[in-house]
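Each protein sequence line maps, in turn, to chains A and B.
Numbering-wise, the first sequence is residues 16 to 213 according to this note's numbering.
Numbering-wise, the second sequence is residues 16 to 213 according to this note's numbering.
Number of protein chains: 2
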Amino acid sequence: MASTTLNVMTTRDHSLRADARRNRETILDAASELFAQRGDSVQMDEIAERAGLGVGTLYRHFTDKRALRAAIIGRRFEAITSLARTAERIEDPWAAFETLLYRYLESAEPDAAFRFALLGSQEPDWDVIDAEKTAFAAIAESIVQRAVDAGRLRSDFRASDFVLITRGAMANMAGAGDWRRHLTLQLEGIRAPETTEE
Amino acid sequence: MASTTLNVMTTRDHSLRADARRNRETILDAASELFAQRGDSVQMDEIAERAGLGVGTLYRHFTDKRALRAAIIGRRFEAITSLARTAERIEDPWAAFETLLYRYLESAEPDAAFRFALLGSQEPDWDVIDAEKTAFAAIAESIVQRAVDAGRLRSDFRASDFVLITRGAMANMAGAGDWRRHLTLQLEGIRAPETTEE
DNA sequence: TTAGATTCGGAACCGGAGTTCAGGTTCATT
DNA sequence: AATGAACCTGAACTCCGGTTCCGAATCTAA
């Protein structure tokens, strides 16, 4: 029946009309910024306005508010995964670990939506995110393991502890909390004994 | 003009009709339980039902949903302050500190509303709470100071660090997070050097 | 250039949750 | 026991924000 175009509908592909593809990006950008600043409390209308589009258009590209948020958080996760890959390439095990930790937290700092998603106040579309999350977890796991094997992290340090530390720091990003200070304290409790260095 | 009763209206006083006073408590109890379980997402109707009263009655006793929540969180704060006073009486500085930490977190664990209030996702009526909060802070401050002076806490430990630790642990109370493990790790990073004990 | 499909716009719609209010009911005083 | 004030009830109201929907605008293929 379809004699002309017969392209597959990859979720975010190129089979969109030029303007549609452009608008999709615009929406994503606008939403990213707003969600980052104020978390889930932003309204669809605001996003539309900021993007210079009508609300209807948002719904043409994303079925839901949830879907939109999920798309954005997924995006952030991709960034974080790639960041983890970079950290993985650092030779020194401790440096790799510390870098991962800082880069991870630094990218979470300006993104309220992302933080809320991880701190679990709300439950986004985990399904959509779980994939990315798993990818990240694998890399983090390997970096952690390397630091443990090298005797830089206390031997009983598990990957799940990375989450504990991380969530702890993020909880101190709002308001007056000084998460860097907090992280410093935590690192002290995590390092392997023996080596007493600054 | 008023020949009969001329009693002052102390906020939560005894100038209420017997049933009213009773109902007020019922409401507070019902709300406490529900807010604790599900945070701010509980609805006024639910609270009313659980209390076996009409919604209107809730509004007779509390102007707002916020006011109701604030009253409850305030209550929890009172409990915590008294708990702190108890910890203060412990002679050993470190034991006092550790006890404060554990008792504090243990009482936060089952109370989602309280945790959310402290983690700042939402802003309750701080005014109402600030008072209690300050009282608690004073006591905590003294306990911390004592532990530092006794050389059990790292010398640069400030009272604000108590908040960091505390918020960190609370962030790991939801879902699968193991806050006790997290606290253990944190304590390791907080203890004064020297003493290398298990 | 034109047709037709795709996309956009944004007022209207809708459901949910907090809040009100016009009676009925209960308590406390005389 | 009676009276009036204090209190309670819950259906109805209001507001708010996500979602829908269809005519208008835009793009692309022929």
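Built from N, CA and C at the ideal position, the CB exists for glycine as well.
Keep in mind the model is a prediction, meaning the values are calculated, not measured.
Closest Cβ-Cβ distance between histidine 76 of chain A and chain B: below 8 Å? Working through the first sequence from its first residue, we reach residue 76 of chain A at position 61. Residue contact check for histidine 76 of chain A against chain B: no CB pair falls below 8 Å.
Against chain A: residues of the region 125-155 of chain B by CB proximity under 8 Å: Phe131, Leu134, Gly135, Ser136
Could you tell me which of A:Glu203, A:Ile88, A:Ala111 sits nearest to aspartate 145 of chain A, measuring between CA atoms? By 1-based counting over the first sequence, the position of residue 145 of chain A is 130. Looking at the Cα atoms, A:Ile88 is the closest of the given residues.
Where isoleucine 205 of chain B meets chain A, residues with beta-carbon distance less than 8 Å: Counting from one through the second sequence, the residue named residue 205 of chain B turns up at place 190. Correct list: Leu200, Glu203, Gly204.
Per-residue contacts from asparagine 38 of chain A into chain B (C-beta, under 9 Å): Walking along the first sequence from the start, residue 38 of chain A turns up at place 23. What asparagine 38 of chain A touches in chain B: nothing, since even the nearest Cβ is about 32 Å away.
Since leucine 5 of chain B contacts alanine 186 of chain A with CB under 8 Å, what's their CB separation in whole angstroms? For residue 5 of chain B there is no data in the structure shown, the boundaries of chain B being 16 and 213.
Given this structure, state the Cα-to-Cα distance separating proline 125 of chain A from aspartate 107 of chain A, to the nearest angstrom. Walking along the first sequence from the start, residue 125 of chain A turns up at place 110. Walking along the first sequence from the start, residue 107 of chain A turns up at place 92. Approximately 28 Å, taken between the alpha carbons.
Could you give the distance in angstroms between the alpha-carbon of glutamine 58 of chain A and the alpha-carbon of glycine 67 of chain A? On the first sequence, residue 58 of chain A is found 43 positions in, with the first residue counted as 1. On the first sequence, residue 67 of chain A is found 52 positions in, with the first residue counted as 1. In this structure, the alpha-carbon of glutamine 58 of chain A lies about 14 Å from that of glycine 67 of chain A.
Count the C-beta pairs between the region 182-199 of chain A and the region 174-190 of chain B that are closer than 8 Å, then say yes if the count reaches three, no if not. yes
At the level of alpha carbons, what is the spacing between tryptophan 194 of chain B and arginine 118 of chain B? The residue labelled residue 194 of chain B in the question sits at position 179 within the second sequence. The residue labelled residue 118 of chain B in the question sits at position 103 within the second sequence. Each residue's Cα considered, the two are about 13 Å apart.
Check for me: the alpha helix (DSSP H) holding threonine 101 of chain B runs from which residue to which? What you label residue 101 of chain B is simply residue 86 of the second sequence in a count that begins at 1. Start and end: 80-103.
Proximity to histidine 197 of chain B [Cα-Cα], best of B:Glu156, B:Arg75, B:Leu116: Translated into the one-based positions of the second sequence, residue 197 of chain B becomes position 182. Comparing Cα-Cα distances from histidine 197 of chain B to each of B:Glu156, B:Arg75, B:Leu116, the minimum goes to B:Leu116.
Give a yes or no on whether 8 Å exceeds the smallest Cβ distance from leucine 179 of chain B to chain A. Here residue 179 of chain B is taken as the residue at index 164 of the second sequence, counted from 1. Chain A, which has a Cβ nearer than 8 Å to the Cβ of leucine 179 of chain B, makes this yes.
Which residue wins for smallest C-alpha separation from serine 175 of chain A, given the options A:Gly204, A:Gly190, A:Glu156, A:Ala102? Translated into the one-based positions of the first sequence, residue 175 of chain A becomes position 160. Minimum Cα distance to serine 175 of chain A is reached at A:Glu156.
Quick one: give me the first and last residue of the alpha helix (DSSP H) that serine 47 of chain A is part of. As a first step, residue 47 of chain A must be located in the first sequence, where it is residue number 32. 33-53 is the extent of the alpha helix (DSSP H) around serine 47 of chain A.
Between arginine 158 of chain B and alanine 110 of chain B, how many whole angstroms is the CB-CB distance? I'm expecting something under 8 Å. In the second sequence, residue 158 of chain B corresponds to position 143, counting from 1. In the second sequence, residue 110 of chain B corresponds to position 95, counting from 1. It should be pointed out that residue 158 of chain B corresponds to isoleucine in this sequence rather than to arginine. About 10 Å separates the two Cβ atoms, so there is no contact after all.
Which residues in chain A sit within 9 Å of isoleucine 190 of chain B, going by Cβ to Cβ distance? For the purposes of this step, residue 190 of chain B is identified with residue 175 of the second sequence, where counting begins at 1. A small fix is needed here, since residue 190 of chain B is glycine in this sequence, not isoleucine. By Cβ distance, chain A contributes Gly135.
Using a C-beta cutoff of 8 Å, does alanine 186 of chain A count as contacting chain B? Here residue 186 of chain A refers to the residue found at position 171 when the first sequence is read from its first residue. Output row for alanine 186 of chain A: interface = yes.
Distance cutoff 8 Å, beta carbons only. Does glycine 166 of chain B sit that close to anything in chain A? Position 151 of the second sequence, counting from 1, holds the residue named residue 166 of chain B. Taking Cβ atoms only, chain A never reaches closer than 8 Å to glycine 166 of chain B, which makes this a no.
Between which two residues does the alpha helix (DSSP H) carrying aspartate 142 of chain B extend? For the purposes of this step, residue 142 of chain B is taken as the residue at position 127 of the second sequence. In this chain, the alpha helix (DSSP H) harbouring aspartate 142 of chain B covers 141-164.
Under 8 Å, Cβ to Cβ, is there at least one residue of chain A near arginine 118 of chain B? The sequence position of residue 118 of chain B within the second sequence is 103, counting from 1. Arginine 118 of chain B does not count as touching chain A.
Check whether the Cβ atoms of isoleucine 205 of chain B and arginine 161 of chain B sit closer than 8 Å, and answer yes or no. Here the question's residue 205 of chain B lines up with position 190 in the second sequence. Here the question's residue 161 of chain B lines up with position 146 in the second sequence. Contact: no.
Beta-carbon separation (whole angstroms), leucine 49 of chain B vs glutamate 61 of chain B, contact threshold 8 Å: Along the second sequence, read from residue 1 onward, the residue named residue 49 of chain B stands at position 34. Along the second sequence, read from residue 1 onward, the residue named residue 61 of chain B stands at position 46. 6 Å between Cβ atoms; contact.
List the DSSP bridge partners of leucine 168 of chain A. Residue numbering aside, residue 168 of chain A sits at position 153 when the first sequence is read from its first letter. The partner list for leucine 168 of chain A (beta bridge, DSSP) reads A:Arg206.
Identify the continuous alpha helix (DSSP H) that holds phenylalanine 129 of chain A and give its terminal residues. Taking the first sequence and counting its residues from 1, the one referred to as residue 129 of chain A is at position 114. That run of the alpha helix (DSSP H) goes 127-134.
Could you tell me whether the Cβ atoms of glycine 190 of chain B and alanine 128 of chain B are closer together than 8 Å? Reading the second sequence from its first residue, position 175 is the one you call residue 190 of chain B. Reading the second sequence from its first residue, position 113 is the one you call residue 128 of chain B. Contact: no.
Could you tell me whether the Cβ atoms of arginine 130 of chain B and histidine 76 of chain B are closer together than 8 Å? Within the second sequence, residue 130 of chain B is the residue found at index 115, counting from 1. Within the second sequence, residue 76 of chain B is the residue found at index 61, counting from 1. Contact flag unset, no.
Return the chain-ordered list of same chain residues with a C-beta closer than 6 Å to the C-beta of aspartate 34 of chain A, the five sequence neighbours on each side being excluded. Within the first sequence, the letter at position 19 stands for residue 34 of chain A. Taken in chain order, the list of residues that qualify is empty.
Cβ atoms of alanine 45 of chain B and arginine 65 of chain B: under 8 Å apart, would you say? Here the question's residue 65 of chain B lines up with position 50 in the second sequence. Here the question's residue 45 of chain B lines up with position 30 in the second sequence. In contact: arginine 65 of chain B and alanine 45 of chain B (Cβ atoms closer than 8 Å).
Please report the residue range of the alpha helix (DSSP H) in which methionine 185 of chain A lies. Stepping through the first sequence from its first residue, residue 185 of chain A is reached at position 170. 174-186 is the span of the alpha helix (DSSP H), which, as asked, contains methionine 185 of chain A.
Thinking C-beta only, is glycine 166 of chain B closer than 8 Å to alanine 123 of chain B? The sequence position of residue 123 of chain B within the second sequence is 108, counting from 1. The sequence position of residue 166 of chain B within the second sequence is 151, counting from 1. Contact flag unset, no.
Just by C-beta distance, which residues in the region 74-99 of chain A are closer than 9 Å to chain B? none
Below-8 Å beta-carbon distance, arginine 231 of chain A vs any chain B residue: Residue 231 of chain A cannot be examined here, being either before or after the span of chain A that is shown, 16 to 213.
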